[in-house]
Ligand SMILES: [Zn+2]
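Numbering (my numbering), first residue to last: 434 to 636.
What follows is the structure in structure tokens.
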């Protein structure tokens, strides 16, 4: 039987081999330039990888005292569609209570589906495949807090270390860190000078 837990090197090689992380020179839809492009669903489409990556993350989440103290009465909330497969595997590994996820509504704001909401006092852990700038996670925190939910911690598979992830002291764990060069635009991008035109990518 294959060992379910992956070493740090195995995690990285799965992410690069599946194309979930690409190296190069990229222009994001926001106009920012980076040397890595992340598309985690390319790894998560393989059930076994999704499971093994998420089990690794769940182990880290168990080490957060606030989370460990409340298990299994915890809801796993996915911050994006990329967070859904992670949510299911985390729920299985932690034997958590239930799984929820948010999506963007017509106005661009995050929302739960109608009648599928966090209830006051509900213990929640928030998960996603990756946190780039932290904007989506901040919106989810606001949404869950507004509903009266209690956020015990945050877990992500990949932290590209683009921004300092600080969510008002909520504990955050990541399975792997992939330090990424990041520039606000072409004027400040050293890759533009070294490598020429970037590859325009979608989210
Ligand atoms: Zn550039």
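Where is the CB? At the ideal position from N, CA and C, for every residue including glycine. Note that the structure is predicted; figures quoted are calculated from it, not measured.
Integer Cβ distance of residue i from residue j, believed to fall under 8 Å
i: residue 445; j: residue 609; result: 6 Å
i: residue 562; j: residue 515; result: 4 Å
i: residue 535; j: residue 564; result: Contact doesn't hold; Cβ gap of about 15 Å is too wide.
i: residue 591; j: residue 611; result: 6 Å
i: residue 451; j: residue 475; result: 5 Å
i: residue 465; j: residue 600; result: Wrong, their Cβ atoms sit about 21 Å apart, outside the cutoff.
For residue i, the three-state DSSP class (helix, strand or coil)
i: residue 470; result: strand
i: residue 547; result: coil
i: residue 555; result: coil
i: residue 632; result: strand
i: residue 609; result: strand
i: residue 570; result: helix
i: residue 461; result: coil
i: residue 575; result: helix
i: residue 624; result: helix
i: residue 598; result: coil
i: residue 434; result: For residue 434, the predicted model reports a pLDDT of 46, less than 50, meaning its position is unreliable; a value from the coordinates is still stated below. Correct three-state label for residue 434: coil.
i: residue 619; result: coil
i: residue 535; result: coil
i: residue 527; result: helix
i: residue 590; result: strand
i: residue 448; result: helix
i: residue 441; result: helix
i: residue 585; result: strand
i: residue 564; result: coil
Cβ-Cβ distance between residue i and residue j below 8 Å
i: residue 488; j: residue 526; result: yes
i: residue 585; j: residue 472; result: no
i: residue 569; j: residue 522; result: no
i: residue 462; j: residue 635; result: yes
i: residue 582; j: residue 551; result: yes
i: residue 595; j: residue 621; result: no
i: residue 559; j: residue 587; result: yes
i: residue 468; j: residue 576; result: no
i: residue 509; j: residue 529; result: yes
i: residue 520; j: residue 543; result: no
i: residue 495; j: residue 439; result: no
i: residue 506; j: residue 556; result: yes
i: residue 458; j: residue 628; result: yes
i: residue 477; j: residue 518; result: yes
is_contact[residue i, chain B] using C-beta, thresh 8 Å
i: residue 603; result: Here there is only one protein chain, and chain B is not present.
Just the residues with CB closer than 5 Å to a heavy atom of ligand 1, in chain order, which are they? 466, 622, 624, 625 and 631
Suppose only complete runs of 3+ residues qualify. What are the beta strand (DSSP E) ranges in the stretch 474-523, listed by chain order? 508-511
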